[in-house]
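Here the sequence shown is numbered in UniProt numbering, starting from 1 and rising by one per residue.
Here the structure is laid out as structure tokens; the discussion comes afterwards.
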Amino acid sequence: MPSAHALDSIDYNIVRALASDARISYAELGRKVGLSPSAVAERVRQLETAKAVLGYRALLDEKAFGYNVIAFIRLTCDNTHYRPFLKFLPTLDAVRECHHITGGDAFLIKVVLSSIDQLEPLIERLLPYGMPTTSMVLSTPIYRQQEAWLMKNAGFPAQSAKKRS
């Protein structure tokens with residue numbers, strides 16, 4: 001299964017079920033897709049080997065742990081600071097995402113903090129690498145889990161009825 005084109009409807013249904021509940025048993029997954037538990041286990045192993053399924057994790061609500069401040073920092077960065085910045089970036093625990101982007105800025109960085117008081121020192125730590133511009137998140141009207149968005153937009157076929165194979 002090297003590409004999305006090699007996935008069949010059973011694979012898509014397996015991925016759909018795993019995205020809804022990564023803790024589902026092979027027996028229950030088999031009932032959902034019409035395969036035996038051992039056949040489902042083999043399909044899941046193939047999806048993992050092909051890197052269609054990269055892993056399994058718990059979804060955590062950062063606010064439940066006291067992280068209530070989300071900000072996006074755009075950073076201009078010239079060629080002399082680019083590589084040093086990439087080495088420095090992993091040392092910042094508040095960084096959840098960093099994207100190398102086009103346009104006037106070089107990077108778009110998402111940070112999550114427990115208080116607004118943590119933002120200014122974080123921005124100051126970025127100054128040696130470029131000019132930061134910060135935007136605070138007031139609310140998030142749309143938040144889609146990667147798996148749900150991917151299933152809707154990546155050509156997943158409509159969920160098919162179970163078939164025995």
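Glycine included, every Cβ here is placed at the ideal spot set by N, Cα and C.
Note that the structure is predicted; figures quoted are calculated from it, not measured.
query                                                                                                                                                                   : result
Under 8 Å between C-beta atoms, does V15 make it to chain C?                                                                                                            : Among the chains of the structure shown, chain C does not appear; only one protein chain is present.
At which residue ranges does the stretch 79 to 144 contain complete alpha helix (DSSP H) runs of 4 or more residues, listed in the order of the chain?                  : 79 to 88 and 119 to 126
Excluding the five sequence neighbours on either side, which residues of its own chain have a C-beta within less than 7 Å of the C-beta of H100, listed in chain order? : A106 and F107
Can you give the Cα-Cα distance for I109 and G34, rounded to whole angstroms?                                                                                           : 43 Å
Which stretch, first to last residue, makes up the beta strand (DSSP E) that contains V69?                                                                              : V69 to L75
Are at least three pairs of beta-carbons, each pair with one atom in the stretch 76 to 85 and one in the stretch 111 to 121, less than 8 Å apart?                       : no
My assumption, with CB atoms under 8 Å, is that A17 sits in contact with L29. Please give the rounded CB distance.                                                      : 6 Å
Please report how far the alpha carbon of T49 lies from the alpha carbon of L127, in whole angstroms.                                                                   : 42 Å
Looking at the ligand NAD, does it come within less than 7 Å of A94, judged from the CB to the closest heavy atom?                                                      : With respect to small molecules bound, the structure shown includes none, and the ligand NAD cannot be examined in it.
Looking at the secondary structure, which residues open and close the alpha helix (DSSP H) in which L18 lies?                                                           : S9 to S20
Taking the alpha-carbon positions, what's the E120 to T134 distance?                                                                                                    : 10 Å
In angstroms, rounded to a whole number, what distance separates the CA positions of M131 and L92?                                                                      : 17 Å
Would you say I70 and L47 are within 8 Å of each other, going by their C-beta atoms?                                                                                    : no
Can you grab the Cα-Cα spacing for the pair A27 / A58, in whole Å?                                                                                                      : 21 Å
State the DSSP-derived secondary structure class of L35, mapped to helix, strand or coil.                                                                               : coil
Near L89, which residues of its chain fall below 7 Å by C-beta distance, leaving aside the five closest residues on each side in sequence?                              : V95 and C98
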